[in-house]
Each structure stands twice: as structure tokens, then as C-alpha cells.
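Colleague:
There are 2 protein chains.
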Amino acid sequence: MSDRKLEVCLTPALLHLYNIRESIVVVIDIFRATSSICYGIENGVEAIIPVASVESCESYRHTDYLLAAERNGEVVDGFDFGNSPFAYASDKVQGKIVVLTTTNGTHAINESREARKVVIGSFLNLSALSHWLKSQPHDVLLVCAGWKNNFNLEDTLFAGAVVHQLKDECYKLDDSAIGAEDLYVAGKHDLNEYLKKTSHSERLKKLGIEEDIRFCLNVDLTTTIPVLDGDRLVRMEVTELIEK
Amino acid sequence: MSDRKLEVCLTPALLHLYNIRESIVVVIDIFRATSSICYGIENGVEAIIPVASVESCESYRHTDYLLAAERNGEVVDGFDFGNSPFAYASDKVQGKIVVLTTTNGTHAINESREARKVVIGSFLNLSALSHWLKSQPHDVLLVCAGWKNNFNLEDTLFAGAVVHQLKDECYKLDDSAIGAEDLYVAGKHDLNEYLKKTSHSERLKKLGIEEDIRFCLNVDLTTTIPVLDGDRLVRMEVTELIEK
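Take a look at the structure:
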């Protein structure tokens, strides 16, 4: 398997530059949507339905589904929860279906629907995800959700972590993949400390979600890979995991 | 002077996310348009007129102007020269007006015309440019021309070099400015060696412009700042250089 591309789309606003139909897309929104999705799927959520708007989420009211809506870092009034990973513990979500809308993560998922396959990445499932990607004979596009279409460091660092795990496997890297890996190497000795200098660390502090942030930087806490199946994210089956 | 923003727009495709009307925009296309513009202005070019298309450039045929057109790294057939810095030596350009169109650099200049002021940066004028920016009470947006709207490493590294010179001056950095500086710090000990790993270094080698590349990585070879005045780039006057 040579000549696979390994590329990093630094924000959803650049997605039109890539040939996503041929690629496995990994959607990345470290603080906090994709970390929470990984944790929820690991903890037995039956499915997570990502939707674009709060109104779409609201339309599932009066079903058995749990409704999760976040905007600008906060739970939207009237919803069960937002995108804190702690809301996705086993006792809360096992066997449930969650409908989720977030500021950036679900936007990036929706924009990637045309891809060959859409999977979800975070530091929580870094090695499991990288191991699976290596086994696939397809181009890989790591899509950083960013912040309202702006570049952000935490998503780029995670993309760099994936590049770091994959790059010895005959991939052809684009410049953003090379740059992302170098940023990961610069920050990997202490991700939490490195990310304190980001432009929005003060904002996150004000939201009182420092515990969430620390949790989202745990590496390899989970081993499952959420994959988009129709309109819902589900656990990738073992048969798919060993597909070549 | 506090609270000035110092931001990096990683490709022209993201320009709509920034408030460029309030900012001094620095256009960056290291290989090779903005390096050549800096070198030409230093060497006494009277003005450089950046135009969007080869056809616009052609429309200046039968004037005294020198016509420079580059597409995909090569001089367009029938034109005097493209964007090699060596074409902008004193004996070739002093006192002349040059009409220039390039794949990425002139595109980025055109997209930035609404800015408070548009200036041109490259490693050649790094310190002169940084010194002037510090003296200005305005937000700074460093615009990387990239490659056909894609992120590239050399423009980002130069943006990082400017951030490195400015950051102790009470600027508020965005995440791309922070990341660009870290990439610059990773590569600054040997820019030429660092940039050999970029996705297009093979392409540049095929074009036979390795001498150009080395030249464009010379730091502080020039002391002038090209500035957009109407439709043309001219040398910034000394009175403007000391404006507060």
C-alpha cells in the first residue's frame, strides 16, 4: 500500500480544496465534541445522531432519545446536556440514543458526509484509530473542526499526533500534515501546558470546564472508533476493524 | 499601544474570517513573488503593478513597462520574465515599472485591497518590516498566499518569524499566530533544510529554481518596505516609516 495521501484540512472552510469522496475523513473537535463522542460510544451509547441546528435537535423532543445541545461552549437552555465528556459516562448513556448539536464538531461532520467513510477521532482513541487507518488502503483526510471555521491549535495538534503515528507507513503528506506533526512534537511532552497559551484558553477557563479539558487530553483511554452509518454515529464493528 | 491584534491568515481562502479593513495586511508569498517584489523595490523599481490575470498583464504590451507573468512556477511564454528574484536586479529594473501576475502572490494582494494598508513581506525585509509594524497603532494581519488557496509551510514560517519579532509588544495573538511562531522556531536554525521536507520541494527542484529558493531565504538583505498605493506597489517613504 503505497502512495496513500495523508492530509490535514485545518478548518472546515478549506474542505472544498480536498477530494473527500476518495478519502477516509477523521473529524476532530478535541474540546469537546469528538472527545465526548468517543467516550460515549466506548461507554455503550447505541448511537449518536449529529444534527446541524438546535431546532433539529429540538425536533426529537418527546422521544426516548437524550438531547444534547451546545453553543459557544455552554449547554443550551432546556436541553439534557451539551458536550461535556462527563455527561457520557456509562450510567448515563448506556443503550441510549443521543441527538447532538455543537458549535463546531457537528458542523464538521455534516460537511464531511460525502467522504468514503467518516470516523471520529480524539486523544481518547488515538492509537486505536491510527492502527485502523494504517490497515485501510485509502487516502486519509484529518478534518479539524476549528472554532467557527478558524484554525485552532488543539485540533491541529491531534491531527499531528495521528500523522506522527502513521507517517512511517508510506503516506504522502501535504504541508499542513507536516506542520501539524511538528506542532504536536513541540507540544506532546505536556499537551495541557502547551495548550494553555492558545487564544481561547481564557475563554475555556471562564466556562469552568478545565476538568473537561484535562479529560479530553487523556491519550488512549478508549479503544472504539465511532463511524458514521447513515445519519448516526455508531461503534465500528469488529469485522470492519479487520477489513483490508 | 496595547490590545493590538496580531493574526495569521493561513491561506487567502480564509480572508473572509478577518476584519481586514481595520488591519495592516502583510502579504507573504516567499517562493517567490513577495521576495522578488521586495528585492525589486530595494533595487530601484519605480513601481510594480500587480494584476490578476495573464490577459491583464498582456494589456500593458507596447508600453515602456516590463511584463512579468508566472503560472505554476514557470515564466509564461512571450513574457519578459516571471517571478525569479534574479530578474529584479538593479541593472534590469532600476527606474522601471513592472506589471506582474503570479499564481498566488498577486491573488493574495488583490484579495487584500480593502485593508487599511497593504505591505509586502519576505525574509529579505523581515527586520525592517517588523520594526515598522511595531511603530504602528493598528492590528496586523499576516496573509499567507499559500499554493492555490492551500496552506504552505514557507509562508507560514515567515509569518511565524514576524510574530517572533513582534510578540513582546503587547499584541493579542490568535492560534494561527501562535502555531506559526512555533513552526518558525522549529525551522529557523536552517530554513533551507527545514523546507526540504515540504510537499512541493520536489516540484521546485524539477523547475530548476533551487538558486531562487536559497536566495529567498536570505534574512535582512533589504531594508525597504513595498506598500500598495492605488493600483501599484511602491517604496514606502521615509516620512511614512516614522509615522506613529
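Top line first, the protein sequences correspond to chains L and E. Heads up: the first sequence begins at 774 in the numbering used here, then just goes up one per residue. Heads up: the second sequence begins at 774 in the numbering used here, then just goes up one per residue. Backbone N, C-alpha and C fix where the C-beta goes; we use that ideal spot for every residue, glycine too. Nothing here was measured: the structure is a model prediction, and the numbers come from that model.
Under 8 angstroms by Cβ, that's how I've got R889 (chain E) and S796 (chain E) pegged, so tell me the actual separation to the nearest angstrom.
Modeller: Contact holds; Cβ gap of about 6 angstroms.
Colleague: I'd like to know whether the C-beta atoms of F924 (chain E) and L946 (chain L) end up nearer to each other than 8 angstroms.
Modeller: Going by C-beta atoms, F924 (chain E) is not nearer than 8 angstroms to L946 (chain L).
Colleague: Looking at the C-beta of D912 (chain L), does it have a partner C-beta in chain E at a distance below 8 angstroms?
Modeller: For D912 (chain L), the answer is no, since every Cβ of chain E falls outside 8 angstroms of its Cβ.
Colleague: Would you say F931 (chain E) faces chain L, with C-beta separation under 8 angstroms as the test?
Modeller: So, not an interface residue.
Colleague: Against chain L, which members of the stretch 938-953 of chain E pass a CB distance test of less than 7 angstroms?
Modeller: Hits within the stretch, in order: L946, D947, D948, S949, I951 and G952.
Colleague: Hey, would you say G952 (chain L) sits closer than 8 angstroms to L926 (chain E), going by beta carbons?
Modeller: Against a cut-off of 8 angstroms, the Cβ pair of L926 (chain E) and G952 (chain L) comes out as a contact.
Colleague: What are the residues that DSSP puts in a beta bridge with P910 (chain E)?
Modeller: Answer is none; P910 (chain E) lacks a bridge partner.
Colleague: In chain E, which residues lie less than 7 angstroms from D955 (chain L) when you measure between Cβ atoms?
Modeller: Under the 7 angstroms cutoff, chain E gives L956 and A959.
Colleague: Where P785 (chain L) and Y791 (chain E) are concerned, what is the direct C-alpha to C-alpha distance, given to the nearest angstrom?
Modeller: Cα to Cα, the separation comes out at about 16 angstroms.
Colleague: With a threshold of 8 angstroms, are at least 3 pairs of Cβ atoms found where one atom belongs to the stretch 819-831 of chain L and the other to the stretch 861-872 of chain L?
Modeller: Yes, the stretch 819-831 of chain L touches the stretch 861-872 of chain L.
Colleague: What are the boundary residues of the alpha helix (DSSP H) that includes I814 (chain L)?
Modeller: I814 (chain L) -> alpha helix (DSSP H) spans A806 to E815.
Colleague: Mind checking the stretch 957-983 of chain E against chain L and listing, in chain order, the residues whose C-beta falls within less than 7 angstroms of any C-beta there?
Modeller: Taking 7 angstroms as the Cβ-Cβ cut-off against chain L, the residues of the stretch 957-983 of chain E that qualify are A959, K970, T971 and S972.
Colleague: Say whether chain E places a C-beta atom closer than 8 angstroms to the C-beta of T875 (chain L).
Modeller: Answer no: the Cβ-Cβ gap between T875 (chain L) and chain E never drops below 8 angstroms.
Colleague: Could you name the residues of chain E that A786 (chain L) contacts, counting a contact when the two beta carbons are closer than 9 angstroms?
Modeller: Within 9 angstroms Cβ-Cβ: A786, L787, H789 and L790.
Colleague: At 9 angstroms on the CB atoms, spell out the chain L contacts of L783 (chain E), in chain order.
Modeller: L783, T784, L787, F924 and S949, listed in chain order.
Colleague: On the DSSP letters alone, give me the boundaries of the alpha helix (DSSP H) that C830 (chain L) sits inside.
Modeller: Note, C830 (chain L): alpha helix (DSSP H), V827 to E831.
Colleague: Can you tell me which of the three DSSP states K1017 (chain L) falls into?
Modeller: Caution applies to K1017 (chain L), whose pLDDT of 44 falls short of 50 and renders its modelled position unreliable; the value that the coordinates give is listed next. If DSSP states are grouped into helix, strand and coil, K1017 (chain L) belongs with coil.
Colleague: Going by beta-carbon coordinates alone, are V824 (chain E) and V891 (chain E) separated by less than 8 angstroms?
Modeller: For V824 (chain E) and V891 (chain E), no; Cβs fall outside 8 angstroms.
Colleague: What are the residues that DSSP puts in a beta bridge with V1007 (chain E)?
Modeller: Looking at the DSSP assignment, V1007 (chain E) forms a beta bridge with E:V1000.
Colleague: Please name the residue, chosen from E:S900, E:L968 and E:S895, that lies closest to V916 (chain E) on a Cα-to-Cα basis.
Modeller: V916 (chain E) has its Cα closest to that of E:S895, out of E:S900, E:L968 and E:S895.
Colleague: Should A862 (chain E) go down as buried or exposed, given a rule of 16 or more other Cβ atoms within 10 Å for buried?
Modeller: A862 (chain E) is exposed by the Cβ-count criterion.
Colleague: Would you call the stretch 984-992 of chain E and the stretch 798-812 of chain E in contact, with 3 or more CB pairs under 8 angstroms?
Modeller: These segments touch.
Colleague: Determine the direct distance from the alpha carbon of L873 (chain E) to that of G846 (chain E), and round the result to whole angstroms.
Modeller: Cα to Cα, G846 (chain E) sits roughly 14 angstroms from L873 (chain E).
Colleague: From the DSSP secondary-structure annotation, give me the bridge partner or partners of T874 (chain E).
Modeller: Answer is E:A842, bridged to T874 (chain E).
Colleague: Determine the closest residue to S885 (chain E) out of E:E1010, E:V1007 and E:V1000, with distance taken between C-alpha atoms.
Modeller: The shortest C-alpha separation from S885 (chain E) is found at E:V1000.
Colleague: CA-CA distance, L980 (chain L) and K970 (chain E)?
Modeller: Taking the straight line joining both Cα atoms gives about 40 angstroms.
Colleague: Quick one: Cα of S903 (chain L) to Cα of R1008 (chain E), how far?
Modeller: Using only the alpha carbons, I get a separation of about 51 angstroms.
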